[in-house]
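Presented below is the structure to which this report refers.
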Amino acid sequence: MQAITRARKNIIIGAAVVLGLLFMAGAQEASASHSWGGYHWARTANPLKISLGDNVGSAWDSYLQTASTDWSQSLVIDTAIVPTKSNKPRTCRAVAGRVEVCNALYGSTGWLGIATVWASGSHITQATVRLNDTYYRTAKYNTPAWKQFVVCQEIGHTFGLAHQDESFSNANLGSCMDYTNLPDTNQHPNSHDYAQLESIYAHLDTSNTTTQQKASAPAATDTDPSSWGRAARSERPERPGRESVFENTLQNGDKVFTFVVWADDAGHEDHDH
10 MQAITRARKN IIIGAAVVLG LLFMAGAQEA SASHSWGGYH WARTANPLKI
60 SLGDNVGSAW DSYLQTASTD WSQSLVIDTA IVPTKSNKPR TCRAVAGRVE
110 VCNALYGSTG WLGIATVWAS GSHITQATVR LNDTYYRTAK YNTPAWKQFV
160 VCQEIGHTFG LAHQDESFSN ANLGSCMDYT NLPDTNQHPN SHDYAQLESI
210 YAHLDTSNTT TQQKASAPAA TDTDPSSWGR AARSERPERP GRESVFENTL
260 QNGDKVFTFV VWADDAGHED HDH
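Under my numbering, the sequence shown is numbered contiguously, ending at residue 282.
Here it is as C-alpha coordinates:
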(Lines of atoms letter the chains of each structure in order from A; the text may use other names.)
(Lines give C-alpha, C1' and ligand atoms only; values in the text may rest on other atoms or scores of the structure.)
Protein backbone atom coordinates (compact mmCIF):
# COMPACT_ATOMS: atom_id res chain seq x y z
CA MET A 10 0.00 0.00 0.00
CA GLN A 11 2.77 2.43 0.91
CA ALA A 12 5.02 4.01 -1.72
CA ILE A 13 7.86 3.78 0.82
CA THR A 14 8.38 0.10 1.43
CA ARG A 15 8.12 -1.40 4.87
CA ALA A 16 11.75 -2.56 4.59
CA ARG A 17 12.96 0.94 3.90
CA LYS A 18 10.94 2.22 6.85
CA ASN A 19 12.78 -0.16 9.16
CA ILE A 20 16.17 1.03 7.83
CA ILE A 21 15.53 4.73 8.22
CA ILE A 22 13.29 4.80 11.28
CA GLY A 23 16.27 5.59 13.53
CA ALA A 24 17.03 8.69 11.52
CA ALA A 25 13.39 9.69 11.76
CA VAL A 26 13.51 9.48 15.55
CA VAL A 27 16.61 11.69 15.66
CA LEU A 28 14.93 14.23 13.41
CA GLY A 29 11.83 14.08 15.56
CA LEU A 30 13.85 14.84 18.69
CA LEU A 31 15.31 17.86 16.95
CA PHE A 32 11.80 19.06 16.20
CA MET A 33 10.79 18.58 19.83
CA ALA A 34 13.80 20.64 20.92
CA GLY A 35 12.47 23.58 18.97
CA ALA A 36 14.20 23.17 15.63
CA GLN A 37 11.05 22.64 13.60
CA GLU A 38 9.89 25.11 11.03
CA ALA A 39 6.82 27.10 11.96
CA SER A 40 4.81 25.52 9.18
CA ALA A 41 5.49 22.05 10.64
CA SER A 42 4.44 23.00 14.20
CA HIS A 43 0.87 21.79 14.11
CA SER A 44 0.50 19.22 16.85
CA TRP A 45 -2.64 19.69 18.96
CA GLY A 46 -1.25 19.66 22.48
CA GLY A 47 1.07 16.70 22.03
CA TYR A 48 -1.75 14.14 22.05
CA HIS A 49 -0.74 10.86 20.43
CA TRP A 50 -1.42 7.13 20.41
CA ALA A 51 0.74 5.23 22.90
CA ARG A 52 2.92 2.55 21.32
CA THR A 53 6.09 0.65 22.20
CA ALA A 54 7.56 0.69 18.68
CA ASN A 55 7.38 2.69 15.48
CA PRO A 56 5.69 2.80 13.08
CA LEU A 57 2.34 3.14 14.84
CA LYS A 58 0.01 0.53 13.38
CA ILE A 59 -3.52 1.94 13.44
CA SER A 60 -6.72 0.42 12.08
CA LEU A 61 -9.28 2.50 10.16
CA GLY A 62 -12.67 0.87 10.61
CA ASP A 63 -14.52 0.89 7.28
CA ASN A 64 -18.10 1.98 7.93
CA VAL A 65 -18.44 3.94 4.67
CA GLY A 66 -20.47 3.15 1.57
CA SER A 67 -19.07 2.50 -1.87
CA ALA A 68 -19.20 6.21 -2.77
CA TRP A 69 -16.52 6.84 -0.12
CA ASP A 70 -14.36 3.73 -0.47
CA SER A 71 -11.82 5.25 -2.86
CA TYR A 72 -11.42 8.39 -0.72
CA LEU A 73 -10.85 6.35 2.43
CA GLN A 74 -8.33 4.17 0.59
CA THR A 75 -6.45 7.20 -0.74
CA ALA A 76 -6.32 8.79 2.72
CA SER A 77 -5.05 5.54 4.21
CA THR A 78 -2.34 5.26 1.55
CA ASP A 79 -1.39 8.93 1.95
CA TRP A 80 -0.99 8.83 5.72
CA SER A 81 0.96 5.58 5.51
CA GLN A 82 3.66 7.44 3.56
CA SER A 83 4.72 8.65 7.00
CA LEU A 84 7.75 6.92 8.52
CA VAL A 85 5.90 6.60 11.85
CA ILE A 86 2.32 5.74 10.80
CA ASP A 87 1.00 2.57 9.16
CA THR A 88 -2.75 2.51 8.60
CA ALA A 89 -4.84 -0.50 7.63
CA ILE A 90 -8.46 -0.41 6.52
CA VAL A 91 -10.35 -3.09 8.43
CA PRO A 92 -13.99 -4.26 8.39
CA THR A 93 -16.53 -2.65 10.66
CA LYS A 94 -17.29 -4.29 14.00
CA SER A 95 -21.08 -4.37 13.49
CA ASN A 96 -21.16 -0.59 13.57
CA LYS A 97 -24.09 1.51 12.37
CA PRO A 98 -22.75 4.42 10.33
CA ARG A 99 -25.25 6.92 11.73
CA THR A 100 -24.30 6.02 15.31
CA CYS A 101 -20.61 5.53 14.45
CA ARG A 102 -19.81 3.94 17.78
CA ALA A 103 -16.21 4.33 18.90
CA VAL A 104 -14.12 1.16 19.23
CA ALA A 105 -11.16 1.07 21.62
CA GLY A 106 -7.81 1.22 19.86
CA ARG A 107 -9.20 2.11 16.43
CA VAL A 108 -10.41 4.96 14.25
CA GLU A 109 -13.93 4.28 12.95
CA VAL A 110 -14.81 6.13 9.72
CA CYS A 111 -18.50 6.53 8.87
CA ASN A 112 -20.77 8.32 6.42
CA ALA A 113 -24.51 8.94 6.73
CA LEU A 114 -27.23 11.51 6.18
CA TYR A 115 -26.66 13.29 9.48
CA GLY A 116 -28.97 16.16 8.51
CA SER A 117 -28.57 19.92 8.31
CA THR A 118 -26.10 20.07 11.17
CA GLY A 119 -23.92 22.78 9.63
CA TRP A 120 -20.86 20.54 9.30
CA LEU A 121 -19.31 18.53 6.48
CA GLY A 122 -17.24 16.30 8.72
CA ILE A 123 -16.27 15.82 12.34
CA ALA A 124 -13.48 13.87 14.02
CA THR A 125 -14.14 12.85 17.63
CA VAL A 126 -11.03 11.87 19.58
CA TRP A 127 -10.85 10.41 23.10
CA ALA A 128 -7.70 10.95 25.19
CA SER A 129 -6.57 9.65 28.56
CA GLY A 130 -3.76 11.87 29.78
CA SER A 131 -1.78 12.65 26.64
CA HIS A 132 -2.68 9.36 24.94
CA ILE A 133 -5.36 8.95 22.30
CA THR A 134 -7.45 5.86 23.02
CA GLN A 135 -10.09 5.79 20.26
CA ALA A 136 -11.56 8.03 17.57
CA THR A 137 -14.33 8.37 15.02
CA VAL A 138 -14.67 10.30 11.76
CA ARG A 139 -18.13 11.15 10.43
CA LEU A 140 -18.89 12.47 6.93
CA ASN A 141 -22.23 14.19 6.42
CA ASP A 142 -23.84 13.08 3.16
CA THR A 143 -26.59 15.66 3.59
CA TYR A 144 -24.10 18.19 2.19
CA TYR A 145 -22.20 15.87 -0.15
CA ARG A 146 -25.43 15.39 -2.09
CA THR A 147 -25.36 19.08 -3.04
CA ALA A 148 -23.61 20.36 -6.16
CA LYS A 149 -21.16 22.48 -4.15
CA TYR A 150 -19.69 19.61 -2.13
CA ASN A 151 -20.35 16.57 -4.29
CA THR A 152 -16.86 16.75 -5.81
CA PRO A 153 -13.79 14.51 -5.48
CA ALA A 154 -11.74 17.45 -4.17
CA TRP A 155 -14.06 18.26 -1.27
CA LYS A 156 -14.52 14.61 -0.29
CA GLN A 157 -10.81 13.80 -0.36
CA PHE A 158 -9.90 17.00 1.45
CA VAL A 159 -12.30 16.43 4.32
CA VAL A 160 -11.65 12.72 4.88
CA CYS A 161 -7.87 13.31 4.73
CA GLN A 162 -7.95 16.12 7.28
CA GLU A 163 -10.31 14.48 9.74
CA ILE A 164 -8.24 11.29 9.78
CA GLY A 165 -5.13 13.44 10.23
CA HIS A 166 -6.66 14.94 13.38
CA THR A 167 -7.03 11.46 14.87
CA PHE A 168 -3.21 11.02 14.79
CA GLY A 169 -2.61 14.23 16.78
CA LEU A 170 -2.31 16.81 14.00
CA ALA A 171 -3.86 20.26 14.10
CA HIS A 172 -3.96 22.70 11.17
CA GLN A 173 -0.88 23.96 9.36
CA ASP A 174 -2.50 27.28 8.51
CA GLU A 175 -5.74 28.94 9.60
CA SER A 176 -6.25 31.61 6.94
CA PHE A 177 -8.93 31.10 4.32
CA SER A 178 -7.70 33.62 1.79
CA ASN A 179 -3.99 32.90 1.34
CA ALA A 180 -2.42 30.49 -1.12
CA ASN A 181 -2.92 26.77 -0.52
CA LEU A 182 -0.02 24.94 1.11
CA GLY A 183 -0.69 21.70 -0.73
CA SER A 184 -1.81 20.01 2.50
CA CYS A 185 -5.18 18.70 3.63
CA MET A 186 -4.31 20.17 7.06
CA ASP A 187 -4.48 23.70 5.59
CA TYR A 188 -7.57 25.92 5.72
CA THR A 189 -9.00 26.63 2.29
CA ASN A 190 -12.22 27.36 0.46
CA LEU A 191 -10.78 25.84 -2.73
CA PRO A 192 -9.56 22.33 -1.88
CA ASP A 193 -8.33 21.21 -5.31
CA THR A 194 -4.65 21.37 -4.30
CA ASN A 195 -5.20 20.52 -0.62
CA GLN A 196 -6.34 16.91 -0.87
CA HIS A 197 -3.31 15.10 0.57
CA PRO A 198 -0.70 15.49 3.34
CA ASN A 199 2.55 17.27 2.51
CA SER A 200 6.11 17.02 3.82
CA HIS A 201 5.38 19.26 6.81
CA ASP A 202 2.58 16.95 7.94
CA TYR A 203 4.95 14.00 7.82
CA ALA A 204 7.64 15.99 9.67
CA GLN A 205 5.19 16.89 12.42
CA LEU A 206 4.15 13.26 12.82
CA GLU A 207 7.82 12.29 13.21
CA SER A 208 8.10 14.89 15.96
CA ILE A 209 4.95 13.74 17.76
CA TYR A 210 5.95 10.07 17.61
CA ALA A 211 9.69 10.48 18.19
CA HIS A 212 9.53 9.01 21.70
CA LEU A 213 8.19 5.56 22.60
CA ASP A 214 5.75 4.60 25.35
CA THR A 215 5.49 1.64 27.71
CA SER A 216 2.06 0.56 26.47
CA ASN A 217 -0.05 0.45 23.31
CA THR A 218 -3.42 2.18 23.23
CA THR A 219 -4.06 0.63 19.80
CA THR A 220 -4.30 -2.84 21.34
CA GLN A 221 -6.40 -2.06 24.39
CA GLN A 222 -9.67 -3.91 24.73
CA LYS A 223 -11.57 -1.63 27.09
CA ALA A 224 -13.20 1.40 25.56
CA SER A 225 -12.73 4.84 27.06
CA ALA A 226 -15.51 6.21 29.21
CA PRO A 227 -18.55 7.09 27.09
CA ALA A 228 -19.30 10.66 26.15
CA ALA A 229 -21.93 12.54 24.23
CA THR A 230 -20.95 12.24 20.58
CA ASP A 231 -24.10 13.71 19.17
CA THR A 232 -24.12 15.32 15.75
CA ASP A 233 -25.53 18.44 17.45
CA PRO A 234 -22.77 20.98 18.20
CA SER A 235 -24.40 21.78 21.55
CA SER A 236 -23.16 18.40 22.84
CA TRP A 237 -19.48 19.00 22.04
CA GLY A 238 -18.52 20.99 25.14
CA ARG A 239 -16.56 24.21 25.27
CA ALA A 240 -14.78 25.76 22.32
CA ALA A 241 -11.13 24.81 22.75
CA ARG A 242 -9.93 26.99 19.90
CA SER A 243 -11.55 29.94 18.17
CA GLU A 244 -10.06 31.00 14.86
CA ARG A 245 -13.16 33.07 14.06
CA PRO A 246 -14.30 34.95 17.17
CA GLU A 247 -16.62 37.04 15.03
CA ARG A 248 -18.65 33.89 14.30
CA PRO A 249 -19.40 32.27 17.70
CA GLY A 250 -20.47 28.66 17.34
CA ARG A 251 -18.24 28.20 14.32
CA GLU A 252 -15.08 27.29 16.23
CA SER A 253 -13.10 24.39 14.83
CA VAL A 254 -12.17 22.46 18.00
CA PHE A 255 -14.36 21.60 20.99
CA GLU A 256 -13.45 19.89 24.26
CA ASN A 257 -15.40 17.83 26.80
CA THR A 258 -13.91 16.66 30.10
CA LEU A 259 -15.43 13.42 31.34
CA GLN A 260 -16.08 12.48 34.96
CA ASN A 261 -12.97 10.27 35.05
CA GLY A 262 -10.78 13.11 33.78
CA ASP A 263 -10.49 11.81 30.21
CA LYS A 264 -11.10 14.31 27.42
CA VAL A 265 -13.06 14.16 24.19
CA PHE A 266 -12.10 16.53 21.38
CA THR A 267 -14.29 17.30 18.37
CA PHE A 268 -12.70 18.74 15.20
CA VAL A 269 -15.16 20.31 12.78
CA VAL A 270 -15.28 21.13 9.08
CA TRP A 271 -18.16 23.60 8.73
CA ALA A 272 -20.27 23.91 5.61
CA ASP A 273 -21.01 27.24 3.92
CA ASP A 274 -23.55 29.12 6.06
CA ALA A 275 -25.75 31.85 4.63
CA GLY A 276 -23.15 32.88 2.10
CA HIS A 277 -20.20 32.76 4.51
CA GLU A 278 -17.29 30.40 3.98
CA ASP A 279 -16.99 28.85 7.44
CA HIS A 280 -15.02 25.71 6.74
CA ASP A 281 -12.37 25.02 9.31
CA HIS A 282 -9.95 24.75 6.39
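Every residue, glycine too, gets a C-beta built ideally from N, C-alpha and C.
Determine contact between the region 111-121 and the region 85-101, defined as no fewer than three beta-carbon pairs at a distance below 8 angstroms.
yes
For threonine 75, which residues in the same chain have their Cβ closer than 7 angstroms to its Cβ, ignoring the five residues on either side in sequence?
Gln157
I'd like to confirm the pairing. Which residues does DSSP put opposite glutamate 109 in its beta bridges?
Beta-bridge pairing links glutamate 109 to Gly62, Thr137.
At the level of alpha carbons, what is the spacing between glutamine 173 and glutamine 221?
31 angstroms
Does the region 117-134 touch the region 190-205, meaning 3 or more C-beta pairs lie closer than 8 angstroms?
Remark: fewer than three beta-carbon pairs, one from each stretch, lie closer than 8 angstroms, so the region 190-205 and the region 117-134 are not flagged as touching.
Can you look up serine 129 in the DSSP assignment and give me helix, strand or coil?
strand
Using the beta-carbon count (16 or more within 10 Å), is glutamate 247 buried or exposed?
Low confidence applies here, because glutamate 247 scores a pLDDT of 43, under 50, leaving its location unreliable; read the following figure in that light. Exposed.
Check this for me: beta carbons of isoleucine 133 and histidine 49, under 8 angstroms apart or not?
yes
If you draw a straight line from the alpha carbon of threonine 218 to that of glycine 238, how long is it in whole angstroms?
24 angstroms
Distance between tyrosine 144 and isoleucine 209 (C-alpha atoms, nearest Å)
33 angstroms
Local conformation of serine 83 per DSSP, three classes:
coil
The alpha helix (DSSP H) that contains valine 104, what's its start and end?
It is not in any alpha helix (DSSP H) - valine 104 carries neither H nor E in the DSSP assignment.
Per DSSP, cross-strand counterpart(s) of tryptophan 50
According to DSSP, which records beta bridges pairwise, tryptophan 50 is partnered with Ile133.
Reduced DSSP secondary structure (H/G/I, E/B, other) of glutamate 175
coil
In chain order, what residues of the same chain have a beta carbon less than 6 angstroms from the beta carbon of lysine 58, not counting five sequence neighbours either side?
Asp87
Threonine 75 in three-state terms, based on DSSP
Threonine 75 falls in the helix class under three-state DSSP.
Can you give me the Cβ contacts of serine 176 inside the same chain, cut-off strictly under 8 angstroms, excluding the 5 residues immediately before and after it?
Tyr188
Hey, how far is the Cα of arginine 52 from the Cα of leucine 213?
6 angstroms
Report the three-state DSSP secondary structure of glutamine 205 (helix, strand or coil).
Helix, per DSSP.
Starting from glutamate 163, follow the alpha helix (DSSP H) in both directions and report where the run begins and ends.
153-166
Among the candidates Ala272, Asn261, Trp80, whose CA atom is the shortest distance from the CA of threonine 167?
Trp80
Reference glycine 46; option with closest CA among Ser129, Ser235, Val138, Cys185
Of the candidates Ser129, Ser235, Val138, Cys185, the one whose C-alpha sits nearest the C-alpha of glycine 46 is Ser129.
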